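Asks: Quick note, the sequence shown lines up with residues 80 to 249 if you use our numbering.
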Amino acid sequence: MNFTHTMNTPFGAPCTRYLKKEVRKKWERENPDHHTYVWGFDVNEVKRAENTCKALSDYDHELPLIENGLTKEEAHGIANKLGLKRPIMYDMGYPNNNCIGCVKGGMGYWNKIRVDFPEVFDRRAKQEREIGRSCINGVFLDELEPNRGNINTEVMEDCTIACQLLTWNK
């Protein structure tokens, strides 16, 4: 974020481009064989899965959760029964396992980060002021009232390749 001088844009967060998209494209160039991507989209993300498959139409796709009618919660339950521990962020009440302090979070997310990870909240608030742009449309974190937002109702997609599809070919 410091080198891009931006937080989040209508086209997605810059971290998606640099940490995922460019890395994936480099790997694809270095490994030109046909690829099959296996996605963790659940039954509540059918449209998102369709958009991803359409945007990456040169590849095959497997959607095991959708194909088996599973929600994220059911997938977590299956993994738990198999002895696989899910990322702690879910157990802490976060809707996904994005980076701590994800710039795509809403007011409720940031107020939870303020409590659970105050150093991350403070660092991001300082970064906002340094670059003159906020994570949340219309409010800087250091002005966010502690009672604003509801993490349980805010829409915040998991950071997967879908985050970058809006910036495809940009």
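All C-beta atoms in this analysis are idealised placements derived from N, C-alpha and C, irrespective of residue type, glycine included.
Keep in mind the model is a prediction, meaning the values are calculated, not measured.
1. Starting from the N-terminal side, write out each stretch of the beta strand (DSSP E) that is 3 residues or longer and does not extend beyond the segment 81-136.
2. With a 10 Å radius around its C-beta and 16 neighbouring C-beta atoms as the bar for buried, classify residue 213 as buried or exposed.
3. Taking 8 Å as the limit between beta carbons, can you name the residues of its chain near residue 228, skipping five residues before and five after?
4. Could you check if residue 204 is buried or exposed, using at least 16 other CB atoms within 10 Å of its CB as the buried criterion?
5. Would you identify the three-state DSSP class for residue 242, choosing helix, strand or coil?
6. Tell me whether residue 247 sits in a helix, a strand or coil according to DSSP, three-state version.
7. Should residue 145 and residue 121 be called a contact, given that it needs their Cβ atoms to be closer than 8 Å?
8. Short check: CB of residue 233 to CB of residue 219, under 8 Å?
9. To the nearest angstrom, how far is the alpha carbon of residue 173 from that of residue 155?
10. Quick check on this structure: which residue in 231, 100, 136 and 107 has the alpha carbon closest to the alpha carbon of residue 175?
11. What residue from 98, 180 and 211 has the CA that sits closest to residue 197's CA?
12. Just how far apart, CA to CA, sit residue 158 and residue 152?
13. Can you round the beta-carbon distance between residue 123 and residue 150 to whole angstroms, since I take them to be within the 8 Å contact cut?
14. In terms of alpha-carbon separation, which member of 110, 132, 126 and 109 lies closest to residue 117?
15. Please report the straight-line C-alpha distance between residue 99 and residue 134, rounded to a whole angstrom.
16. Taking buried to mean at least 16 other C-beta atoms within 10 Å of its own C-beta, is residue 182 buried or exposed?
17. Starting from residue 218, follow its DSSP beta bridges and name the residues at the other end.
Replies: Taking the geometry as given:
1. 115-117
2. buried
3. 185, 186, 187, 188, 189 and 190
4. buried
5. Confidence is the limiting factor: at residue 242 the pLDDT is only 41, short of 50, which leaves the residue's position unreliable, though a coordinate-based value still follows. Helix, per DSSP.
6. Note that residue 247 scores a pLDDT of 38, beneath 50, so its modelled location is shaky and nothing firm can be said.
7. yes
8. no
9. 14 Å
10. 231
11. 180
12. 10 Å
13. 6 Å
14. 132
15. 15 Å
16. buried
17. 215
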